[in-house]
Every structure is written in structure tokens, then in C-alpha cells.
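Numbering (this note's numbering), first residue to last: 2 to 399. Glycine residues also receive a C-beta, built at the ideal position from the N, C-alpha and C atoms. Since the structure comes first, as C-alpha cells, the remarks are kept for the end.
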Amino acid sequence: MAAATDTPSALDLAAARKERSPWGDAWNQLLKNRLAIASLVYLIVLLLMSIFANRVAPFAYDRTILSDTATCSYLPIPFVCPGGEIAPSGTKYMFGADELGRDILSRTIYGSQVSLAVGLVGAFVSMVLGMVYGLVSGYGSERLDNVMMRIVDFLYAMPILIFIILLQVFFKAKARQFGAVQSFEFPGWFTYGILLTGLICVVGGIIAGRYYGLGVSAFLVGLGVFALILAIMLIVLTITIGGSPWSALIAIDNAMGGMFFLFIALGFLNWLGMARLTRGQVLSYKKKEFVEAAHMVGSSDTRIIFRHLLPNVLGPCIVAETLAIPGYIALEAFLSFIGLGVNPPRPSWGNMISTGYPHLRSNAHILVLPAVALTVTILAFNFLGDGLRDAFDPRLRE
Numbered sequence: 002m003a004a005a006t007d008t009p010s011a012l013d014l015a016a017a018r019k020e021r022s023p024w025g026d027a028w029n030q031l032l033k034n035r036l037a038i039a040s041l042v043y044l045i046v047l048l049l050m051s052i053f054a055n056r057v058a059p060f061a062y063d064r065t066i067l068s069d070t071a072t073c074s075y076l077p078i079p080f081v082c083p084g085g086e087i088a089p090s091g092t093k094y095m096f097g098a099d100e101l102g103r104d105i106l107s108r109t110i111y112g113s114q115v116s117l118a119v120g121l122v123g124a125f126v127s128m129v130l131g132m133v134y135g136l137v138s139g140y141g142s143e144r145l146d147n148v149m150m151r152i153v154d155f156l157y158a159m160p161i162l163i164f165i166i167l168l169q170v171f172f173k174a175k176a177r178q179f180g181a182v183q184s185f186e187f188p189g190w191f192t193y194g195i196l197l198t199g200l201i202c203v204v205g206g207i208i209a210g211r212y213y214g215l216g217v218s219a220f221l222v223g224l225g226v227f228a229l230i231l232a233i234m235l236i237v238l239t240i241t242i243g244g245s246p247w248s249a250l251i252a253i254d255n256a257m258g259g260m261f262f263l264f265i266a267l268g269f270l271n272w273l274g275m276a277r278l279t280r281g282q283v284l285s286y287k288k289k290e291f292v293e294a295a296h297m298v299g300s301s302d303t304r305i306i307f308r309h310l311l312p313n314v315l316g317p318c319i320v321a322e323t324l325a326i327p328g329y330i331a332l333e334a335f336l337s338f339i340g341l342g343v344n345p346p347r348p349s350w351g352n353m354i355s356t357g358y359p360h361l362r363s364n365a366h367i368l369v370l371p372a373v374a375l376t377v378t379i380l381a382f383n384f385l386g387d388g389l390r391d392a393f394d395p396r397l398r399e
């Protein structure tokens, strides 16, 4: 009798199975992938370092120290001084300095701000635009779907990389054409305020989604609200700065170190793949029995989209965007390497590699640290994306 009492009943097993969710199963599966978890920890640490770079970095990214241009005696690693000798002694710069006497470690830490911002903002814009476009196309009528997909096919036929380069050249030319614009600087709390607003929108969207029965799809609602707030802030800033719209946008771009136009060039041109993926997922789920049953009981289109379609579509889209982030980071590094990225003296891993490339044979330390940081970060996002892809694959769950 005791053995029979200890054996779980069918009702207990059913209750335990009912408490499980696809997202909980995906998280448990992800925890089994040590490489993905290690990559996630590295990316979280890197993100925190980039957010608090002014407290973590030993020096400001544009601080130049040339107290001894003859011997460079304050540098622990060989370094080319303007008109001086190479000397490996000293304790100030842990990883040496560039040809202008700027700390490489500090500039690498500040450079992570650009790479992570471009990667995450590009993924954010691509995900919001692509998923909204794909949902409308896949769930709408066949005629609407054909029109919207032909637009995507037309844009896909364009050489995106060349178009991004031309767009950056156009933005840089516009900045030179307007010359000196009204000086504008964001307050010190602005970045933290943006991050806090985004966190509140996402968490608030998830809480509201649970209250209204939207499930995990409310995550996308939170992102949409955050995007709307950012758009309103951009309009308000443009009006506040005054002058022509171009001069106001150039002032904002200068205040962001050249990242604003970079966000536009990358984010608004890389949503096509996300739109295709979302549309394909919606078409496959739209004919499923649970969606047809929701139609039969009189559920509204909004409820079907947010309650039944988005929870199933969101997982593959998150995986796809995680795997796309390394592409954004590498593309930003390439644009900065050829001089079309952020404005100097703001550091980017790409322009740091470009600066150190001429000294590759004599002083390779100038580009080793940013190159290693760029490579490890891209690999970390790839490993995390692979882990998420396996975690969301139901065939790998027990």
C-alpha cells in the first residue's frame, strides 16, 4: 500500500504537465547548453560595462596623455610616440595606447557602446517593422499579401550593402553641406532614461498581457509602445532644436557621435528577412485547428493574432534576430573601418582596427584588443543564437 501511495497519480502528472509552458521548456532546454549560457553571461557583463563605461574605463575615450614624447616611459607596452622612441616601461596604460596617446583599453570599453547599440537597435527596429509587416501580410487577404510581398521582393533585389554605403555617404555629405549646426548635447541622464523607459515598456506590456490574456505576445506590444515613445521623442527634439529638419537631425546625429544616421541606414533596411519569416510562420499557423476553432467561437482578429499567432511566431523571430545581431555589429565595424561609421573621436571597434592596421607589423597591440573584442562578441551572439534555436526546437525537448 505504501508503494501505491508514493506513486504519482495520473491527475498529478496531468497537473504538472499543465503547469509547463513552451517558454518554460525553452528556458530549461537553454540551461542545458553551457556554451550558450556562458555567451549570455559574457554579453550581460559586456552590456553592463558599456552602460557604465564612464565608471569602468580608466580614462575618457578622448583623453590624450603625452607627458614624455621622447621615451614614452609611462607606457607598459611598446607604443609609437609622435617623433619619439618605443619604450615598454611604465604602469599607466594596461594595454598600451594609440598614436595619439589614448588608452586602448578605455577606448575598447567605450567602443562596445557603439557595437552593442547598433546591434541591439538594429535588431529592435528590424523585429518591430518586420513582424508588424509580416503579420499584416500573412493574416490579411490574399490580394493584400501579394502586393506586400512583391514590395519585399523588389527591395530584396537591391544590393543592400551598397545601398547602405551610399546612404551613409549621402548623410555625411549632408552634414558637410550644412557645416556647423546648432550645438546640441544630451543630458547625462538621457541614456539611462531611455534604458529605463524601454524596461518599463517591456515589463509593463508583459504584465498587461497577462492581465488581458495576451500571453508572451505582449512582449512585442511593449516593444511597439517603446518604439512609439522614441518616435515622439525624436519629433519633439527636432522641433525643439529648430531650424530646418535636416539641420536638426544632423545636430542629433552629432550629439550621438554619428550613430543616429547609422541606426537609420542599418535598422530600416534589414527588416525584410524578418517580414518574410513572420509571414511564413503566420501562413503556416493560420490554417491550424486551434486558429480555426477560435474563428468558429467568434474570437476577434485582434485576439487571434495576439493570443494564438504571436506566441507561436515570436520564438523563431527572436532566434532569427539573435543570429542577425552579429551581422549588424560586423557591418558597423566595416563601415567604421572605411570611414563611414561613427564620427571621431568617438571610438568604435571598427575605426580602432582601421587606426591600428598601419601599425600591424611594428605595434600590433594597437588593434589586437578591439579585434579580439569584436570577434568574441560576434561569436557569443552566434553561440547564444544557436542555443536559442535548439531551445525552441520541440524535437529536442524531452
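8 Å Cβ cutoff met for residue i and residue j
i      : j      : result
ILE110 : ALA39  : no
SER349 : ALA365 : no
PHE384 : VAL320 : no
GLN114 : LEU341 : no
LEU136 : VAL283 : yes
GLY206 : VAL226 : yes
MET403 : CYS318 : Here the chain has residues from 2 to 399 only, and residue 403 is not among them.
VAL122 : PHE264 : yes
TYR140 : ILE242 : no
GLY258 : ARG347 : yes
ASN29  : GLY388 : no
ARG108 : TYR62  : yes
PRO345 : ASN352 : yes
ALA420 : PHE155 : Because the chain in this structure spans residues 2 to 399, residue 420 falls outside the shown range and cannot be described.
CYS202 : ILE230 : yes
For residue i, the first and last residue of its enclosing alpha helix (DSSP H)
i      : result
ARG64  : Looking at the DSSP string, ARG64 is not in any alpha helix (DSSP H), and its letter there is neither H nor E.
ALA331 : 311 to 338
MET128 : 105 to 140
GLU293 : 290 to 297
ILE1   : Given a span of 2 to 399 for the chain in the structure shown, any question on residue 1 remains unanswerable.
SER300 : First-last for SER300: undefined, no H or E at that position.
ARG308 : Per DSSP, ARG308 belongs to no alpha helix (DSSP H) and is neither H nor E.
ALA276 : 273 to 287
Contact set for residue i: own chain, Cβ-Cβ below 8 Å, skip 5 residues either direction
i      : result
LYS175 : TRP247 and ILE251
LEU196 : ILE52
ILE165 : ALA266, LEU267, LEU270, LEU332 and LEU336
THR356 : ASP99, GLU100, ILE367 and LEU368
ILE354 : ALA334, PHE338, LEU368, PRO371, ALA372 and LEU375
VAL292 : TYR286, ILE305, HIS309 and LEU310
LEU238 : ALA249 and ILE253
LEU407 : The chain is shown from 2 up to 399; residue 407 falls before or after that span and cannot be answered.
THR198 : PHE227 and ILE230
PHE382 : SER40, LEU44, GLY120, THR323, LEU324, ILE326, PRO327 and ILE330
Cβ shell of residue i (< 7 Å), same chain only, five flanking positions each side left out
i      : result
GLY120 : ILE326, TYR329 and ILE330
THR378 : LEU47, SER116 and ILE330
LEU41  : LEU385
GLY112 : PRO348, SER349, TRP350, MET353 and PRO371
ALA54  : ILE110, TYR111 and GLN114
Exposed unless 16 or more other CB atoms sit within 10 angstroms - verdict on residue i
i      : result
TRP272 : buried
ALA124 : buried
LEU162 : exposed
GLY386 : buried
ALA27  : buried
MET297 : exposed
ILE253 : buried
ARG103 : buried
THR303 : exposed
GLU143 : exposed
TYR157 : exposed
THR323 : buried
ALA232 : exposed
ALA17  : For ALA17, the pLDDT reaches just 49, beneath the cut-off of 50, and the residue's location in the model is therefore unreliable, although a value from the coordinates is still provided. By the neighbour-count rule (16 or more Cβ atoms within 10 Å), ALA17 is not buried but exposed.
PHE171 : exposed
GLY299 : exposed
VAL314 : buried
6 Å Cβ shell around residue i - same chain, five flanking residues per side excluded
i      : result
MET95  : LEU106
MET149 : SER138
VAL447 : The chain is shown only over 2 to 399; residue 447 falls outside these bounds and no answer can be derived.
ARG280 : GLY135, SER138 and GLY139
ARG64  : none
TRP190 : none
VAL126 : GLY268
Next on the checklist: To test your reading of the DSSP string, which unbroken beta strand (DSSP E) runs of 3 or more residues are found completely within the stretch 356 to 391?
Outcome noted: none
Item to check | Whole runs of the alpha helix (DSSP H) within the stretch 224 to 265, excluding any shorter than 4 residues | outcome: Complete alpha helix (DSSP H) runs here, min 4: 246 to 256.
Checklist entry - Taking only runs of the beta strand (DSSP E) that begin and end inside the stretch 35 to 61, which ones reach a length of at least 3 residues, in chain order? => result none
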